[in-house]
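Remarks on the structure that follows.
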Amino acid sequence: MIGICAALEQARWAAWDIEASLLPRTYSRAVTEAGAQAVVLPPHDEIAEAPDEALELIEALLLAGGSDIDPASYGAPPSDATVGARRERDRFEISLCRRAVEREMPLLGICRGLEILNVAYGGDLVQDLETAAVHMHTPGVFSDHEVELVPGSTAARAVGAERVAVRSHHHQGVGRLGEGLVVSGRSVGDGVIEAIEMPGHEFALGILWHAEEDVPSRVISSLVAATRVRSAAG
């Protein structure tokens, strides 16, 4: 049972124009194809205050992509480039992320999810990368580039290689690295941090690219495999 944190957005369909919990189907499809069950986790402040109640229902946590994180979450003033922040979602995901790591649950952060992992442990973000055009050149279209991974890292093991072609769509990135985290991947060419992880944890990984867009997704399969190992160990 893989819990996937949903976005909180205004959405329109049929006769409705209302606030909704949204998750691109690519995430649940990738989890299902990897042999697990996807459970959507809508943001809510009450759950953020008592995350164990939600985490008891799942075996691993996937922090999905989405809008920018409110800079107040990491003690910075907002720039004009930071848009679409939802504080309730930020609080929810930071709380679940910290508690999942404390419980030694497998955790994967994708794009915004990597940024949540970094912020959850005291790091901050570059609110608009100088090379953002490499990573987000066209609205609604993924950019293609390559990432180099540290040999032997969780990221390299999850990918199955030390260099990988990825799909990305982001204009922000890691600034100050969070406490207890290490860099395990960088974008080829501009050196932007593309993977971070927590040494000593079986599987606590953040990647800035969209692995759920790969068919099949080796990274998400690795998350599921780590979850099976943990579950089997009791």
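Here the sequence shown is numbered in numbering that gives the first Met the number 0, starting from 0 and rising by one per residue.
Ideal Cβ placement from N, Cα and C applies to all residues, glycine included.
Would a C-beta distance cut-off of 7 Å place residue i and residue j closer than the cut-off?
{"i": "A154", "j": "A194", "result": "yes"}
{"i": "S142", "j": "S167", "result": "yes"}
{"i": "V223", "j": "A35", "result": "yes"}
{"i": "G179", "j": "L116", "result": "no"}
State the DSSP-derived secondary structure class of residue i, mapped to helix, strand or coil.
{"i": "D16", "result": "strand"}
{"i": "D143", "result": "strand"}
{"i": "T226", "result": "helix"}
{"i": "V125", "result": "strand"}
{"i": "T137", "result": "strand"}
{"i": "R175", "result": "coil"}
{"i": "R102", "result": "coil"}
{"i": "G184", "result": "strand"}
{"i": "S167", "result": "strand"}
Could you tell me the alpha carbon to alpha carbon distance between residue i and residue j, rounded to whole angstroms?
{"i": "D44", "j": "P50", "result": "10 Å"}
{"i": "H245", "j": "V181", "result": "Given a span of 0 to 233 for the chain in the structure shown, any question on residue 245 remains unanswerable."}
{"i": "T25", "j": "V39", "result": "13 Å"}
{"i": "A71", "j": "R97", "result": "18 Å"}
{"i": "E129", "j": "I93", "result": "26 Å"}
{"i": "E147", "j": "I3", "result": "26 Å"}
{"i": "A5", "j": "G199", "result": "28 Å"}
{"i": "R28", "j": "S221", "result": "15 Å"}
{"i": "V191", "j": "R175", "result": "12 Å"}
{"i": "R162", "j": "A13", "result": "44 Å"}
Would you grab the beta carbon distance between residue i and residue j for me? Rounded to a whole angstrom, and I think it's under 8 Å.
{"i": "L56", "j": "L207", "result": "Not a contact, Cβ separation roughly 28 Å."}
{"i": "I109", "j": "A210", "result": "6 Å"}
{"i": "M104", "j": "A59", "result": "6 Å"}
Below 6 Å, is the gap between the Cβ of residue i and the nearest heavy atom of the ligand FAD?
{"i": "S220", "result": "This structure lacks the ligand FAD; in fact it carries no ligand of any kind."}
Would you say the segment 106–124 touches the segment 60–80, given that touching needs at least three Cβ pairs under 8 Å?
yes
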